[in-house]
Amino acid sequence: MADKKQNFEDKLENSKKILETLMNPEITLENSLKAYETGMKELSDAQKILEDALIKIEEIKREK
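In structure tokens, the structure reads:
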């Protein structure tokens, strides 16, 4: 996969797709573990994006 930075919405959408994959009753244990790991990383990255945005908002408020 290309190493391009994704935005919050992309990370959230990827997480939703992974959740759908995990809900498939025919998924193997190995594939479910891989999907879970990927999903958790996507959510962690999305959380970091939100935290960075909050920091920026706070900085802007202090400048006024």
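Numbered continuously in this note's numbering, the sequence shown closes out at residue 72. Note that CB positions come from ideal geometry on N, CA and C, so glycine has one too.
Mind checking ALA61: buried by the 16 CB within 10 Å criterion, or exposed?
Taking every protein chain shown into account, the CB of ALA61 has fewer than 16 other CB atoms within 10 angstroms, so this residue is exposed.
Can you say whether GLU67 is buried or exposed, counting buried as having 16 or more other CB atoms within 10 angstroms of its CB?
GLU67 is classed as exposed because its beta carbon has fewer than 16 other beta carbons within 10 Å across all chains shown.
In the structure shown, what three-state DSSP assignment does MET48 receive?
Correct three-state label for MET48: helix.
For LYS56, count the other beta carbons within 10 Å of its own beta carbon; 16 or more makes it buried, fewer makes it exposed. Which is it?
Per the 10 Å Cβ criterion, exposed.
Measure the Cβ-Cβ separation of SER23 and ALA54 and say whether it is below 8 Å.
Against a cut-off of 8 Å, the Cβ pair of ALA54 and SER23 comes out as a contact.
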